[in-house]
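Single-structure report; data block below.
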Amino acid sequence: MNAPLFWPARGAGASEAIVLALPKGRLLGELGPLLARAGIEPDPDFADESSRRLRFGTNERGLEVVRVRSFDVATFVAFGAAALGVVGSDVLAEFDYPELYAPLDLRLGRCRLSIAAPEADAASSDDGSRWSQVRVATKYPNITRRHFAARGVTADVVHLSGAMELAPSLGLSRLILDLVQTGSTLRANGLVEIEHVADVSARLIVNRTALKTRPDLLGAWIARFRAAVAG
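Position 109 of the sequence shown, counting from 1, maps to 109 under the UniProt record's numbering, and the rest follow consecutively.
This is the structure:
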């Protein structure tokens, strides 16, 4: 059995639990077995996305879990509201917070960031090599601008939170940049992948300040997650 881990007290006689920030949505279901192998058992309603609670206790006296939107996990950890978190490498690349350390690929939530275009455009002779500017719909404005700037193209970003696949057919943008897993949603909306941008998977992230001030404690949690991934 794993030994309990405790968050050092900030004041005499006071204790503060470590907060582990986890993402809502598809990745949350994949995390269940990994958490179990790490010896973490959240409150029973943690996996119930209809529950209105966002903060949960665990079987570890020194650990609490919060359930937030995937894009918010990085912010919670970067600003010290949580010491640990699980987030996609796409989110890390988008925000690029210097306060975050990502020591471990959890090998979950694997997919890819890709650029897609309408089938007719993809089949045309215009391969984009002579573009100076292009309009792209995405929820990753920073990644998009960096990607096109590297080839000397200005990306006019239309920032959407979802339904990117609609943008080209409705004249909102020429291209989209989004996560792709199977490609079925693209195909259903008349789009095809034209460029692979990056592979994506879930990462364990740690607040750098917390790791410096509590290296033994957070190092032990990192080791437990590493063993869980290996197991």
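Ideal Cβ placement from N, Cα and C applies to all residues, glycine included. Owing to the predicted nature of the structure, the values given are computational and were not obtained by experimental measurement.
- Give me the Cα-Cα distance between G39 and A228, rounded to the nearest whole angstrom. 9 Å
- Based on Cα-Cα distance, which residue from K212, R208, S169, V200 lies nearest to L191? S169
- Item | Contacts around G85, its chain only, beta-carbon distance under 6 Å, and the 5 residues preceding and following it disregarded | A21, V73, V77, I205
- Spatial distance of S114 from R174 (CA atoms): 14 Å
- Residues that DSSP places opposite D121 in a beta bridge: D121 is not bridged to any residue.
- Message: So for S184, helix, strand or coil by DSSP?
- Response: helix
- Item | C-alpha distance - F56 paired with E64, whole-angstrom precision | 6 Å
- Query: For I115, does the three-state DSSP call read helix, strand or coil?
  - Reply: strand
- Message: On the criterion of 16 or more Cβ atoms from any shown chain inside 10 Å, does A202 qualify as buried, or is it exposed?
- Response: buried
- For G85, which residues does DSSP report across the bridge? A21, I205
- Put D96 into one of helix, strand or coil per three-state DSSP. coil
- Is DSSP giving I194 helix, strand or coil here? strand
- Please list, in chain order, all residues of the same chain as I222 whose beta carbon is under 6 Å from its beta carbon, the five residues on each side excluded. P103
- Query: Going by the CB atoms, is the gap between V197 and H159 shorter than 7 Å?
  - Reply: no
- Message: Quick check on the DSSP output: the alpha helix (DSSP H) that includes D48 runs from which residue to which?
- Response: First-last for D48: undefined, no H or E at that position.
- Those residues which DSSP pairs with D216 across a bridge: According to DSSP, which records beta bridges pairwise, D216 is partnered with nothing at all.
- Message: Could you tell me the alpha carbon to alpha carbon distance between S70 and P141, rounded to whole angstroms?
- Response: 16 Å
- To which residues of the same chain is G32 closer than 7 Å at the C-beta, ignoring the five residues directly before and after it? A47
- Message: Classify F225: buried if its beta carbon has 16 or more other beta carbons within 10 angstroms, exposed otherwise.
- Response: buried
- According to DSSP, is V136 helix, strand or coil? strand
- Query: In or out: G11 buried (at least 16 other Cβ within 10 Å) or exposed?
  - Reply: Here the model assigns G11 a pLDDT of 34, short of 50, so the residue's position is not dependable, and the following value carries that caveat. Per the 10 Å Cβ criterion, exposed.
- Message: By alpha-carbon positions, which one of R187, A82, L34 ends up nearest to E16?
- Response: A82
- Message: Applying the 10 Å Cβ sphere with the 16-neighbour rule, what's the burial state of A137?
- Response: buried
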